[in-house]
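*Asks:* Encoded as structure tokens, here's the structure I'll be asking about.
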Amino acid sequence: MLFSFEMSTKKLEMNQAIVVNDGGREIHFLARKGDNQHIFTNVPVTAMPIVSMALPHTLTVLSVGADKYVTPLQERLDANACNENNVRYRIGVQGKPKRAVITFAHYKGFGGWPAPYTVLDATKLALADTLYISVQDPYFTAGSYFISDDYGNDPVPAIVAVISRTLEEYGLSSSDVTILGSSKGANIAGLVSQFFEDNQLILCAYSMDIEYRVRNTPFRHLASALDFLGVSFPDALSVFQKEARRKETHWFYAIRDDLANQGQEYMTADQLTTYPSQASHSNVIVEHWDEIRTLIDRRHPVLDTRVESVR
């Protein structure tokens, strides 16, 4: 079953550990420094758990059972989102689409969030004659890298079906597509890209070993959930290498980001272009935003390539 809870504290002066014990295992979370409200959703457990924290706190159980829980704030933010087979995404259209940009977002950050599921809003690229599909990762507490949904199922086929159907509706093919992701979203972009033949792939701060990253960061709860459900981590390095050999691939990486890069900075592949960046892991896409727009324009040229705003 899925367990969602809120922990209320005084404003924290430093990160604090929260432990969820369902009788068979412990799941560790972090409450963020500077916050006093810590919300964790859809934690897979075998029984009603005991939740503990070293500091004084008030525990509120938000949901426990088979059904997925979504916070009221997340529901308000998702009011204009589409929901298909438990995949959430937003559609945007500028002009008469001659190309499509599909985006996958980074983690919002560790800790409990009232609205943990973000999107990388593709419409902010503000490119003319473009179809935008901005995809959310709405699984577990802050997303699952699309490795699993909340119940141990593979969510990738569902979003591939959404993308394929939407492209067909607008008369576009995979060669008209750019798939773009940042951090966690870069790894999702790689997984999804495997199902398309000749799209452009742009990856920012891609992690070459997801399992190593997850087990050695504050996102260890994801490893616990996947272990519980019997879901294996994908071979992210193999996915990266395969895609870079067979399609136009651009990799923007932070120079000192050893946790993500895993020593692969000098990798070469037939269609791979690499872009070392002085930016931090989470800021790579921000620092290279204009360069990314140029790459998309160059791949999918239209007469009027930039617009002031997108509805």
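Position 86 of the sequence shown, counted from 1, bears residue number 1398 in our numbering, the numbering being contiguous throughout. All C-beta atoms in this analysis are idealised placements derived from N, C-alpha and C, irrespective of residue type, glycine included.
1. Which one of LEU1549, VAL1355 and LEU1503 has the shortest CA to CA distance from GLU1647?
2. Provide the residue(s) that pair with MET1579 in DSSP beta bridges, ordered along the chain.
3. Applying the 10 Å Cβ sphere with the 16-neighbour rule, what's the burial state of HIS1340?
4. Which residues in the same chain as GLN1576 place their Cβ atom closer than 6 Å to its Cβ, once the five residues preceding and following it in sequence are excluded?
5. Compare the beta carbon distance of LEU1492 and HIS1562 with 7 Å and say whether it is the shorter of the two.
6. For ARG1623, which residues from the same chain have a beta carbon less than 7 Å from its beta carbon, with the 5 sequence-adjacent residues on both sides left out?
7. Can the beta-carbon of PHE1458 be found closer than 7 Å to that of VAL1468?
8. Do you know whose CA, among SER1592, GLU1481 and ILE1597, lies nearest VAL1405's CA?
9. Report buried or exposed for ASP1334, applying the criterion of at least 16 other Cβ atoms within 10 angstroms of its Cβ.
10. Can you give the Cα-Cα distance for ARG1557 and ASP1582, rounded to whole angstroms?
11. On the three-state DSSP scale, how would you describe GLU1509?
12. With three or more C-beta pairs closer than 8 Å as the rule, is the region 1360-1369 touching the region 1322-1332?
13. According to the neighbour-count rule (16 or more other Cβ atoms, all chains shown, within 10 Å of its Cβ), is GLN1590 buried or exposed?
14. Select from MET1313, VAL1447 and THR1585 the residue whose C-alpha is nearest the C-alpha of SER1375.
15. Since VAL1614 contacts LYS1410 with CB under 8 Å, what's their CB separation in whole angstroms?
16. Looking at ALA1501 and ILE1522, is the spacing between their C-beta atoms short of 7 Å?
17. If you draw a straight line from the C-alpha of ALA1498 to the C-alpha of VAL1504, how long is it?
18. Whole beta strand (DSSP E) runs in the region 1495-1560 with 3 or more residues, listed along the chain?
19. Let me check one thing: in DSSP terms, what residues is ARG1400 bridge-paired to?
20. What did DSSP end up calling GLN1574 once you bin it into helix, strand or coil?
21. Please report the distance separating the alpha-carbon of ASP1488 from that of TYR1444.
22. Report yes if the C-beta distance between VAL1447 and TYR1401 is below 7 Å; otherwise report no.
23. Looking only at its chain, what residues have a beta carbon closer than 6 Å to the beta carbon of ALA1359, apart from the 5 residues adjacent to it on each side?
24. Specify, as a first and last residue, the run of the beta strand (DSSP E) that VAL1332 falls within.
*Replies:* Looking at the coordinates:
1. For the chain, the structure presents residues 1313 to 1623; residue 1647 sits outside this window and is missing.
2. For MET1579, which the question treats as bridged, DSSP gives no partner whatsoever.
3. exposed
4. MET1520
5. no
6. Note that ARG1623 scores 31 on pLDDT, short of 50, meaning its location in the model is unreliable; the coordinates nonetheless yield the value given after this. Closer than 7 Å at Cβ, skipping near neighbours: no residue.
7. yes
8. GLU1481
9. buried
10. 5 Å
11. coil
12. yes
13. exposed
14. MET1313
15. 5 Å
16. no
17. 10 Å
18. 1512-1516
19. ASN1395
20. coil
21. 12 Å
22. yes
23. ASP1334 and GLY1335
24. 1328-1333
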